[in-house]
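To start, the structure under review is shown below, and the notes come after it.
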Amino acid sequence: MRNHYFYKIIFKSKTFYVDCEWFNNVDFETLEESTPICNLIVNDLEHFWKGA
Numbered sequence: 009m010r011n012h013y014f015y016k017i018i019f020k021s022k023t024f025y026v027d028c029e030w031f032n033n034v035d036f037e038t039l040e041e042s043t044p045i046c047n048l049i050v051n052d053l054e055h056f057w058k059g060a
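Listed below in structure tokens is the structure:
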């Protein structure tokens, strides 16, 4: 199971929605710089609500 966190960001009068899907079992003590920790999906409002 993965955890999703949703963020709303307003940048230069444009609203973006970010879905941050955190991967499980990430050990930050031994994490290498190139190790992925989450999957980011950025959408505008129209696509966010459609799930595209």
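In terms of our numbering, the sequence shown has 32 at position 24, counting the first letter as 1, and numbering is strictly consecutive.
Every residue, glycine too, gets a C-beta built ideally from N, C-alpha and C.
Computed from a predicted structure; not experimentally measured.
Asked	Found
Out of curiosity, what's the CA-to-CA distance linking residue 28 and residue 43?	16 Å
How would you write the range of the beta strand (DSSP E) that residue 39 sits in, first residue to last?	Run containing residue 39: none; DSSP gives neither H nor E here.
In angstroms with no decimal places, state the Cα-to-Cα distance between residue 19 and residue 51.	13 Å
Does DSSP put residue 60 in a helix, in a strand, or in coil?	Confidence at residue 60 is low in this model, with a pLDDT of 49, below 50, so its placement is unreliable and no value can be given for it.
Return the chain-ordered list of same chain residues with a C-beta closer than 6 Å to the C-beta of residue 60, the five sequence neighbours on each side being excluded.	With a pLDDT of only 49 at residue 60, under 50, the local geometry of the prediction cannot be trusted, and no value is derived from it.
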